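Asks: One structure is given below, represented as structure tokens, and several questions about it will come after.
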Amino acid sequence: MVNPVLLIAVPLIGAFLIPLLSAVRLKVLSRYIVFITSSFSLVSAILLFYHVTYTGILSVSIAGFKPPFGINLEVTLLGCIIVVLLSLGVLISSFYNLFIYPSEPEDKFNIALILLLLGGTGISLTGDMFNMFVFLEITSIAAYILSAYKRNGTGEEAGLKYLFIGSIGSLFFLLGVILLYTQAGSLNIARLAQYSASHLNNPVILFSAIMFIVGLGIEAEIFPFNWWVPDVYQAAPDSISSVFAGAISKVGIYAFIRIFITVFNGIPYYEALIYLVLVGSLIAEGAALFQKDIKRLFAYSSLGQIGFIVFAFLLKRADGYSAGIFMLLNHALVKMLIFILIGGIFVALSTTEIEKMKGIGRKSPILGILFTIGILTLAGLPPFSGFYAKLFLLKATFQHNYFIPAIIIIVASLIEAFYLFRLIYIFYSPGHEKKHSFSTASLATGFILIILILGMSIIPFHIKKQYTDKAAKSLFMRSLYIKEVK
Amino acid sequence: MIYYIAGGGLFLIGLYILLVNRNLIKMIIGLGFMETGVNIIIIAFGYVKGKTAPILSTKELINNRQVVDPLPQALVLTAIVIGVAVTALALSMVVSYYKKRGSLNLSKNKELKW
Amino acid sequence: MNFTIGHLILVIVGAGIITAIVTKFNRLSGSITALLLSIGIAFVCFYPAFHILPISFTTGDYTFIFNLSTLSRFFLMLFSGMFPLVIMATVSTKPKAHYYFFFYLILASVIGTISSQDLLSFFFFFELMTLFSYLLVIYKKRAIKAGLVYILMGIIGGLSLLLGIFYVFWLSKDFRISVEILKGSYATLFLLSLPFLIKMAAMPVHIWAPDTYKESEDVYTAFLSGVLSKLGIYGLIFFWFTWGIYGLSAWGKVFDVPVTGYIIAWIGAITAFIGAVYALLSEDVKKLLAYSSISQLGYILVGFGIMSSLGWAGALYHTLTHTIFKTMLFIVVAGIIFRLNTTKLSEMGGLIKKMPVSFLTLLVGIIALAGVPPTMGFASKYLIYSALFEKKLFLLTAVVFAASTAAFLYAYRLIHNIFLGPLKTSLKNTKEAPLPFLIPSLILSLFLVMFGFFPGVPLEWINNILMSLGMKSIASTFTTISTSLGGFNGLLSSSIFISIFGIIFILYLILFPKAKWVNDKNTFTAGEVMHNTDLLTYSSHFYRFLEREFGLLIKLSVKKLYDNILGIFEWMFDVARKLLYHGNVNGYVWAIILVTLTFVISFLIGGLR
């Protein structure tokens, strides 16, 4: 077993090492640090996952203080899955950066990327509310930096928008934390869960719940709070968009569901939230129809998918959670793939406008095939894993007797098919005959992800049974979480 | 009580600035107001009248529980640091934005629309 | 020898992979490999000593069952029998590796569809088939736009099927097909029928068909139109049978026909008529055949909608007939296009001497299309019409009859514009279509005529299906079909027809012995010397007088209606996104405040119990 503290400590050491190495003129090495760190995180998170499967939720106290006084880490199955996704995303991104920018990413970029990994890991593993706030801020600040990294005006604009909204969100989160603290007298999530289970009528608790909805809704890109997303995804560097769409949004979702399933289980009006989220997906999918910029299009598509994922978690059933986790995995892999491939296209055409991409599928068949598989997976067509995600989600929806949400999901998938297949249409329609050199880095990275996606498509039921069902069960049994911490 | 009012007031002023102004610098100032407001509210939650700061000076103070709740103060310290970092980052972005676009108004740009 | 359906599907996929690899190295040997393997597969499916066993497996809460019912065995023979013939026609076009790969995958998924006996695997393979078919449609660059419409309609159908399946699941808590589907409502009925109506290109949802058939690769069109569209009627029978005719009758009857079936029959009749009219007026040979295909599938719907054993027998019989003749017509036309490099009717003409075999097969094809002995087209038309008469549906009969009349007209146009009239000067050097096109079309036309003489042979299979579905069988022998309204002897009527034509031909030879071949230029042109004989017969706007009559019909376009509906939705989404994603930070802060306040107020009102 790997000590979960290392998962946070190693990226931190990495982040410190990068400027040090640059100072002693070993800048070449510093580029590999992100790569090494995220590989370490990936491997140890996978090991940790298997460990937690056998032992149940793992509670680690920091510096020897027991939970009510000290800060502790709570390693859950879902947390491990999120860390795996996050470190995979950062790994993919750094792998891509290694090849695509031979001289570039500066230290700042690498430090921010590694801090993103650190913050996200912290959020997924922490068992302490305030700790979560700190990690959330680390993640956000790193994300602001990365989204403005292009420094071409557009980058700063998106970064500033994200910064303002995100700061307001974290202020709300802070208010929520302190309100909870005044009532429960503790910041330990398990303690809070125990407390709030019997005090959900307390208006202060409810008010803090609203604060959390707003604060975490902004981070998790949930419907009425996700305006910043398209701008940021469009303006950020391609590899960063891939991390954002693939991993950081999932970390936000994790924080959201951890708070809302474990702590505020059974707040009133959560059904209203269900419809809000679904209408949000519908609008986002509709907005994607109009996009002329491919990154913005996929940003909107992400918003739609995230709506479904959150909806699955709002179903409050173990199979709903399982479907949500499956969908989350599927969506993360596909979006990473797609944004990495867009990076490859951008290198060749130096544009992200959809209209200028006519015929590239025929010019570069491998890129075309990879992109098509990605799109088919996203559209939820069999035999790809997106289909199984949709299947599990719909099954859970119907078992919970939600008929109208199911119709909304179907309609949204239809809209999705409209813009996704229009993309295939543009990729394969006759276009300019100029030969382009598509970056092998993007294709190589794409291949790794395609193998993962195909793996998921071949053994979806196994993955559901072995991984997502277990994670969902441990998420569903709140008492496990609470008991473990006591 | 006055602390709550002051904190809430600062928060609302900051919010008002953010709601009304389009100038980036002013918006950052508004954000600062909001942060300060929240921090004051947090301190006010932990404050108990007539008790001293939670510094481990003499044993009697601790034993007789003569200190205010130390945790909110720790939180505020962290929050202040974070706030400073965010403000600095925001200002640096604004500088860079102004250099590129020559304007302090975000909504004039048409590139990132809809 | 015994093997399961799983093995069969895996073998077909394997064959596809082998073919693709061989084709990658050498196009010609790849085509031959494809042909040999497809013949092998057809042999496996047909040979009676091979028993294809059911298979089922369970993962988690999902059970997948595959079994071949009598109905699916009929369709299995149809698909696997047509497959090698279509593959044979591809030999001379020398397609790329992925063409064959997708072709085999389509066959595999079709067999998966017809053998699945639970809803989920049915959906899975049905969608797979749509997807692979789409990938094969966009094999040609020109088809990319038509392919978009095709896949979108396919996805609309797929999602409707999915919703219907889940509705059934909601009611019965199981994905297996059970009697509890009976409890389903009109909504389920609609949802579970729409995908198949789309696949059959019935009238309001046919918009994908003409362009897709026109633009897709010529030989593949034969498979798409001739074979794949039959999956629609399979799906309809598969699902509607589960409801049971009596269950459907619970919603009321019109003219002794269940209301739902009556509606389907009208959809079919209108499709048949309007499709035929559009076929009359098309200027493109593939488009003509496409509309003809739409129209003919309308007949199948009419037969299906009557919901009597006679009607279903007619529908199944016409399924067989249409599969054979439409596949054949498209293969023949593909051969002609292969030589001429054009699909415009106005650029063809007078090819009878250049392409005699093609002419002969096309002639047999259009005779079958028109439903005249000595081909099996007569038997299927006969069954459908007698089903109509049995229920006394005269208005419906009139519409169907009008469609048949139009079918005569466009069938004539097909043969006239391609083969008759003077030879176009530009086509002087045309040769007969290559053998790979001729062999399958000859085989198929042989079948058409043979079953015309022995109409009872296919009916024997169809009777088996009807009995397995719990319906009355149609009395028949090898050569005769007899219904409650009388019957006919295929051998006799075909022989009479042939002998009458023979006598007329002989009389013609006797009475006009001096008939001679007139030179193209030997015409009265008021003293002028004709240089351009192409103008002597007209082939563009052949039925201009009908164009005037149906002017209103042509102007009414379903496409525009769909465009308008889509336009409304687009407008709504446009407004929504401009309201929500406006890119102004102040506005976002406003929104945060408003949402927060909404939450607070609603919690204050209702949350504090």
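Keeping their order, the protein sequence lines are chains A, G and C. Here the working numbering is used: position 335 in the first sequence is 485, and no number is missing along the way. Here the working numbering is used: position 46 in the second sequence is 392, and no number is missing along the way. Here the working numbering is used: position 399 in the third sequence is 401, and no number is missing along the way. The beta-carbon is built from N, C-alpha and C at its ideal position, and this holds for glycine as well. Since the model is a prediction, treat every value here as computed from it, not as a measurement.
(1) Whole angstroms are fine: how far does the CA of A:L464 sit from the CA of A:Y552?
(2) Helix or strand or just coil, what does DSSP make of G:P418?
(3) If you follow the alpha helix (DSSP H) that A:G494 is in, where does it begin and where does it stop?
(4) Given C:M469, which residues of its chain have a CB within under 6 Å of its CB, disregarding the five upstream and five downstream residues?
(5) Return the chain-ordered list of same chain residues with a C-beta closer than 6 Å to the C-beta of C:A99, the five sequence neighbours on each side being excluded.
(6) Just list the beta strand (DSSP E) runs in the segment 260–308 of chain C, keeping only unbroken ones of 3 residues or longer that don't cross its boundaries, in chain order.
(7) State yes or no: is the beta carbon of C:W592 nearer than 7 Å to at least one beta carbon in chain G?
(8) Helix, strand or coil: which one does DSSP assign to C:K142?
(9) Would you say G:K454 faces chain D, with C-beta separation under 7 Å as the test?
(10) Assuming A:E307 and G:L452 are in contact, meaning their beta carbons sit under 8 Å apart, how far apart are those beta carbons, in whole angstroms?
(11) Does any C-beta atom of chain A lie closer than 7 Å to the C-beta of G:L377?
(12) Use the C-beta contact count for A:Q344: other C-beta atoms within 10 angstroms, 16 or more gives buried, fewer gives exposed.
(13) Does any CB atom of chain C fall closer than 7 Å to the CB of A:Y383?
(14) For A:T276, report the span of its beta strand (DSSP E) as first-last.
(15) What separation, rounded to the nearest whole angstrom, lies between the Cα atoms of A:L531 and C:F128?
(16) Just to confirm the assignment, what range does the beta strand (DSSP E) spanning C:Y615 have?
(17) Looking at chain C, which residues of the segment 360–371 of chain G have a Cβ within less than 8 Å of any of its Cβ atoms?
(18) Taking beta-carbon pairs under 9 Å, can you tell me which members of the segment 290–301 of chain A lie near chain G?
(19) By alpha-carbon positions, which one of C:G254, C:Y264 and C:M202 ends up nearest to C:L397?
(20) In terms of alpha-carbon separation, which member of C:M79, C:F48 and C:I153 lies closest to A:A567?
(21) My assumption, with CB atoms under 8 Å, is that A:I565 sits in contact with A:E435. Please give the rounded CB distance.
(22) Between the segment 376–385 of chain G and the segment 614–629 of chain A, do at least 3 Cβ pairs fall closer than 8 Å?
(23) Please tell me whether A:P161 and A:T203 are closer than 7 Å, where the distance is taken between their beta carbons.
(24) So what's C:I57 in DSSP terms, helix, strand or just coil?
(25) Is it buried or exposed, A:A395, if we count other Cβ atoms within 10 angstroms and call 16 or more buried?
(26) Between which residues of its own chain and A:G416 is the CB-CB distance below 7 Å, once the five residues before and five after are set aside?
(27) Starting from the C-beta of C:Y280, find all residues in its chain whose C-beta is less than 7 Å away, skip the five residues before and the five after it, and write them out in chain order.
(28) Shortest alpha-carbon distance to C:F241 belongs to which of C:L194, C:V334 and C:L548?
(29) Under the assumption that C:T321 contacts C:A370 (Cβ atoms under 8 Å), give the Cβ distance between them as a whole number of angstroms.
(30) From what residue to what residue does the beta strand (DSSP E) around C:N491 run?
(31) Quick one: what's C:K346 bridged to in DSSP?
(32) Going by DSSP, what residue range makes up the alpha helix (DSSP H) through C:V93?
(33) Using the C-alpha atoms, what's the distance from C:A413 back to C:T363?
(34) What's the gap between the Cα of C:V402 and the Cα of C:A271?
(35) Figure out for me which residue from A:G493, A:F166, A:G518 and A:A539 has the closest Cα to the Cα of A:T527.
(36) Would you call the segment 313–330 of chain A and the segment 276–291 of chain A touching, i.e. three or more CB-CB distances under 8 Å?
Replies: Result, derived from the coordinates:
(1) Position 402 of the first sequence, counted from the start, is the residue given in the question as residue 552 of chain A. Position 314 of the first sequence, counted from the start, is the residue given in the question as residue 464 of chain A. When rounded, the distance between both Cα atoms is 12 Å.
(2) Walking along the second sequence from the start, residue 418 of chain G turns up at place 72. It is helical.
(3) Within the first sequence, the letter at position 344 stands for residue 494 of chain A. Going by DSSP, A:G494 is part of the alpha helix (DSSP H) stretching over A468 to L499.
(4) Along the third sequence, one-based indexing puts residue 469 of chain C at 467. So the qualifying residues of the chain are S475.
(5) Within the third sequence, the letter at position 97 stands for residue 99 of chain C. Result list for C:A99: A22, T25 and K26, in chain order.
(6) Unbroken beta strand (DSSP E) runs of no fewer than 3 residues, entirely contained in the segment 260–308 of chain C, are not found.
(7) Working through the third sequence from its first residue, we reach residue 592 of chain C at position 590. Contact with chain G is found for C:W592, since one of that chain's Cβ atoms lies less than 7 Å from the residue's Cβ.
(8) Taking the first residue of the third sequence as position 1, residue 142 of chain C is located at position 140. Assignment of C:K142 by DSSP, reduced to helix, strand and coil, places it in the coil class.
(9) As a matter of chain content, chain D is missing from the structure shown, whose protein chains are A, G and C.
(10) Counting from 1 along the first sequence, the entry for residue 307 of chain A is found at position 157. Counting from 1 along the second sequence, the entry for residue 452 of chain G is found at position 106. Contact flag correct, Cβ pair sits at about 6 Å.
(11) Along the second sequence, one-based indexing puts residue 377 of chain G at 31. Yes, G:L377 lies at the interface with chain A (some Cβ there is under 7 Å from its Cβ).
(12) Indexing the first sequence from 1 puts residue 344 of chain A at position 194. It counts as buried.
(13) Here the question's residue 383 of chain A lines up with position 233 in the first sequence. Cβ-Cβ to chain C under 7 Å: no for A:Y383.
(14) In the first sequence, residue 276 of chain A corresponds to position 126, counting from 1. Where A:T276 is concerned, there is no enclosing beta strand (DSSP E), given that its DSSP letter is neither H nor E.
(15) In the first sequence, residue 531 of chain A corresponds to position 381, counting from 1. In the third sequence, residue 128 of chain C corresponds to position 126, counting from 1. Spanning the alpha carbons of A:L531 and C:F128 requires a straight line of approximately 11 Å.
(16) The shown model of chain C, from 3 to 611, leaves out residue 615 of chain C, and the question about it has no answer.
(17) Those residues of the segment 360–371 of chain G that come within reach of chain C (Cβ to Cβ, closer than 8 Å) are L361, L364, L365, V366, N367 and R368.
(18) Shown in chain order are the members of the segment 290–301 of chain A whose Cβ falls below 9 Å from a Cβ of chain G: S290, I291, Y294, I295, A298 and R301.
(19) Taking the third sequence and counting its residues from 1, one reaches residue 397 of chain C at position 395. Minimum Cα distance to C:L397 is reached at C:Y264.
(20) Translated into positions along the first sequence, residue 567 of chain A becomes position 417. Of the listed residues, the one whose Cα sits closest to A:A567 is C:I153.
(21) The sequence position of residue 565 of chain A within the first sequence is 415, counting from 1. The sequence position of residue 435 of chain A within the first sequence is 285, counting from 1. About 4 Å separates the two Cβ atoms, so the contact holds.
(22) No, the segment 376–385 of chain G is not in contact with the segment 614–629 of chain A.
(23) Against the first sequence, residue 161 of chain A aligns to sequence position 11. Against the first sequence, residue 203 of chain A aligns to sequence position 53. Against a cut-off of 7 Å, the Cβ pair of A:T203 and A:P161 comes out as no contact.
(24) Within the third sequence, residue 57 of chain C is the residue found at index 55, counting from 1. Of the three classes helix, strand and coil, the one that applies to C:I57 here is strand, per DSSP.
(25) Along the first sequence, read from residue 1 onward, the residue named residue 395 of chain A stands at position 245. By the beta-carbon neighbour count (other beta carbons within 10 angstroms, threshold 16), A:A395 is buried.
(26) Here residue 416 of chain A is taken as the residue at index 266 of the first sequence, counted from 1. Hits under 7 Å: L350.
(27) Working through the third sequence from its first residue, we reach residue 280 of chain C at position 278. Sequence-distant Cβ neighbours of C:Y280 in its own chain, meaning closer than 7 Å and more than five residues away, are Y293.
(28) Along the third sequence, read from residue 1 onward, the residue named residue 241 of chain C stands at position 239. Just measuring C-alpha positions, the residue of C:L194, C:V334 and C:L548 sitting nearest C:F241 is C:L194.
(29) Within the third sequence, numbered from 1, the residue matching residue 321 of chain C stands at position 319. Within the third sequence, numbered from 1, the residue matching residue 370 of chain C stands at position 368. By a beta-carbon distance limit of 8 Å, C:T321 does not contact C:A370. Their separation comes to about 13 Å.
(30) As a first step, residue 491 of chain C is located in the third sequence; it is residue number 489 there, counting from the start. Counting along the chain, the unbroken beta strand (DSSP E) around C:N491 starts and ends at G488 to N491.
(31) Here residue 346 of chain C corresponds to residue number 344 of the third sequence, with the count starting at 1. Looking at the DSSP assignment, C:K346 forms a beta bridge with C:D286.
(32) The sequence position of residue 93 of chain C within the third sequence is 91, counting from 1. Following the DSSP letters along the chain, one finds C:V93 in no alpha helix (DSSP H), marked with neither H nor E.
(33) Along the third sequence, one-based indexing puts residue 363 of chain C at 361. Along the third sequence, one-based indexing puts residue 413 of chain C at 411. Cα-Cα distance, rounded: 13 Å.
(34) Within the third sequence, residue 402 of chain C is the residue found at index 400, counting from 1. Within the third sequence, residue 271 of chain C is the residue found at index 269, counting from 1. It is roughly 6 Å from the alpha-carbon of C:V402 to the alpha-carbon of C:A271.
(35) Within the first sequence, numbered from 1, the residue matching residue 527 of chain A stands at position 377. Ranking A:G493, A:F166, A:G518 and A:A539 by Cα distance to A:T527 puts A:A539 first.
(36) Inter-segment contact for the segment 313–330 of chain A and the segment 276–291 of chain A is present: three or more beta-carbon pairs are separated by less than 8 Å.
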